[in-house]
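Trainee:
Residue numbers (the numbering used here), protein chains in the order written: chain A, 311 to 509; chain B, 0 to 403.
#1: In angstroms, rounded to a whole number, what distance separates the CA positions of residue 405/A and residue 411/A?
#2: Determine the burial state of residue 358/A: buried for a count of at least 16 other Cβ atoms within 10 Å of its Cβ, exposed for fewer.
#3: Between the Cα of residue 209/B and the Cα atoms of 327/B, 73/B, 352/B, which residue gives the shortest distance?
#4: Could you tell me whether the Cβ of residue 338/A comes closer than 9 Å to any Cβ of chain B?
#5: Since residue 326/A is in the beta strand (DSSP E), which residue starts that stretch and which ends it?
#6: How many Å lie between residue 115/B and residue 281/B at the Cα?
#7: Does residue 313/A come within less than 9 Å of chain B when only Cβ atoms are used?
#8: For residue 340/A, count neighbouring C-beta atoms within 10 Å of its own C-beta (all shown protein chains included) and say buried if the count is 16 or more, exposed if not.
#9: Taking DSSP as the reference, what is the three-state secondary structure of residue 405/A?
#10: Which stretch, first to last residue, makes up the beta strand (DSSP E) that contains residue 76/B?
#11: Which whole-angstrom value describes the C-beta separation of residue 43/B and residue 345/B, a residue pair presumed to lie in contact below a C-beta threshold of 8 Å?
#12: Does any CB atom of chain A fall closer than 9 Å to the CB of residue 166/B?
#13: Go ahead and pull the three-state DSSP assignment for residue 310/B.
#14: Does the CB of residue 443/A have a neighbour CB from chain B at under 9 Å?
#15: Run through the stretch 19 to 105 of chain B for me and flag every whole beta strand (DSSP E) of 3 or more residues, listed as ranges in chain order.
#16: Specify, as a first and last residue, the run of the beta strand (DSSP E) that residue 449/A falls within.
#17: So what does residue 393/B bridge to, in DSSP terms?
#18: Once DSSP output is grouped into helix, strand and coil, what is the label at residue 435/A?
#19: Should residue 342/A go down as buried or exposed, given a rule of 16 or more other Cβ atoms within 10 Å for buried?
#20: Pull the bridge partners of residue 17/B from the DSSP assignment, please.
#21: Excluding the 5 residues flanking residue 321/A on each side, which residues of the same chain have their C-beta closer than 6 Å to its C-beta?
#22: Just the C-alpha distance for residue 325/A and residue 335/A, rounded to the nearest angstrom, thanks.
#23: The alpha helix (DSSP H) with residue 111/B in it runs from where to where?
#24: Using a C-beta to C-beta distance shorter than 7 Å, which residues of chain A count as neighbours of residue 408/B?
#25: Taking the alpha-carbon of residue 63/B as reference, which of 38/B, 101/B, 8/B has the nearest alpha-carbon?
#26: Give me whichever residues DSSP pairs with residue 371/B in a beta bridge.
#27: What residue ranges within the stretch 478 to 508 of chain A form continuous alpha helix (DSSP H) runs of no fewer than 4 residues, ordered along the chain?
#28: Classify residue 383/A as helix, strand or coil using the three-state DSSP reduction.
#29: Nearest by alpha-carbon distance to residue 182/B: which of 279/B, 230/B, 131/B, 142/B is it?
#30: In the structure shown, what three-state DSSP assignment does residue 422/A receive?
#31: Going along the chain, which residues of the stretch 114 to 147 of chain B sit with their C-beta nearer than 7 Å to a C-beta in chain A?
#32: At the 9 Å Cβ level, is residue 397/A part of the contact set with chain B, yes or no?
#33: Roughly how many whole angstroms lie between the Cα atoms of residue 255/B and residue 166/B?
#34: Under the assumption that residue 502/A contacts residue 454/A (Cβ atoms under 8 Å), give the Cβ distance between them as a whole number of angstroms.
#35: Measuring only the C-alpha atoms, how far is residue 381/A from residue 375/A?
#36: Hey, residue 333/B and residue 266/B: beta-carbon distance below 9 Å or not?
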């Protein structure tokens, strides 16, 4: 005997597969949708369906977009002498939000991590080298995460670019803004001291 | 350093227990399986955030507490140090799928790395004989936790080193199947050398200091019969053929020249990293074939020599037990001289295993102002004068009370 209809159970199972959603949240969302007006539910279903149909990876920078090349790569106003290399599409969003950088991007889709079986060939590194060979820039900014894996990726990429004669820089590391010196951990403080600069 | 108050909830066989440690020496007497070791384990856990004997932290939660939702264990301590009073607490919560460990120092959530070293303890239990007789891994683990208590950067380097090692071994195995791309090793090699050299240099320094301290202790403990030397056996050829001979020829018996030459003679982390780099380059082929990192602090060992004979292999049980006592007493002295704090001594039923002379020596070795928590089945192990200055408690079935 089944206590909830099969179709309701199916939606709960599907929602449960999403990151950060457990069985309880999944049932709560399902029953919320059950009570929602028809149009609203239809809109949600369409949005999910269309997202997959519409979204493509940009053939130049490998960011997610609805067109290829993406609006950033296509924008003639942007500075074509600078290229920022990031791990994930979300990192592009983070950098775009600050409105200080108007160069181009390259999304690697991950970082080198041998434990997870992620090698350089699983990332868009060969594509980056090829891209820079065709359209050289003046500076490449490596904006991978300051984690062990991100550092490893940055070092690997910088080695690959060494032969191209392009200036390669790495994002600064150190104290967060509004932070307190007293509470910074040793590694962060060491990095901040190493990366100090004239004012 | 003094643990003034300890509060235990659902830890091992304790359901709820509040203890005030008023005098420096506390003796806890009880029959077997009443909770003597569990009490010392609780204190040690609060200092190191790891158990000296449990394989999983889940074991630590009182099994009666499993009926509560969710099951949890909690330890709280008030530590009076030379400079400040600190409140530390650890809560273990057995959530549906994983065990959560929440550490707080003065009420603020902290990482394990921040907790270790807040309270310095030296634990001695009968199993410690395995330090001498057991595997190199146990001896490395001993050195690691001993140094982590004294040097904060050490614990961090160790954590980082282990992560790099895991990634590097994984990469070596991938390279075995796909030999191209050995340049991917460059980054991991560099990080392995950076952290590994720090670890080895710290260990060499600590072992040299322990070696010096243990000389006098062990000589007195054995009535002048044995002279003990500690040797750090490194997987890297740090000494070279000539160096090794020189080391062996150091005069036995504490007189290693004047004390200052000792530190200068030791290789620095820069020296270590040069040798480390050479070794990784030389042995890359072999490492890829075997799919693992063959040199580094994770392959080193600590050995104990008496009259040039390796006690790990050839020592009698009695000799090994005495060496373990000497080692712990030397560690206590080292913590005192390096950090300026009196470590808390935890002795688990050790007295009954020692003969009369060694017992007396051990009791005499405790400083007047040093805190010690000692468990025993039999109060006759102690001298009358020692019992007089101690607070004596009895433990029965997870409950502790003052003995008349």
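Glycine included, every Cβ here is placed at the ideal spot set by N, Cα and C. Note that the coordinates shown come from a computational prediction; the quantities given were computed from them, not determined experimentally.
Mentor: Per the coordinate set shown:
#1: 7 Å
#2: exposed
#3: 327/B
#4: no
#5: Premise fails: residue 326/A lies in the alpha helix (DSSP H), 316 to 326, not in any beta strand (DSSP E).
#6: 37 Å
#7: no
#8: buried
#9: helix
#10: 71 to 79
#11: 6 Å
#12: yes
#13: helix
#14: no
#15: 24 to 28, 71 to 79, 84 to 93, 98 to 104
#16: 449 to 452
#17: 28/B, 400/B
#18: helix
#19: exposed
#20: 6/B
#21: 340
#22: 9 Å
#23: 111 to 114
#24: The displayed coordinates of chain B run from 0 to 403. Any statement about residue 408/B would go beyond what the structure contains.
#25: 8/B
#26: 24/B, 344/B
#27: 496 to 504
#28: helix
#29: 279/B
#30: coil
#31: none
#32: no
#33: Its pLDDT being 43, under 50, residue 255/B is placed unreliably in this model, and the value from its coordinates should be taken loosely. Each residue's alpha carbon lies about 41 Å from the other.
#34: Not really, about 19 Å apart at Cβ, beyond 8 Å.
#35: 8 Å
#36: no
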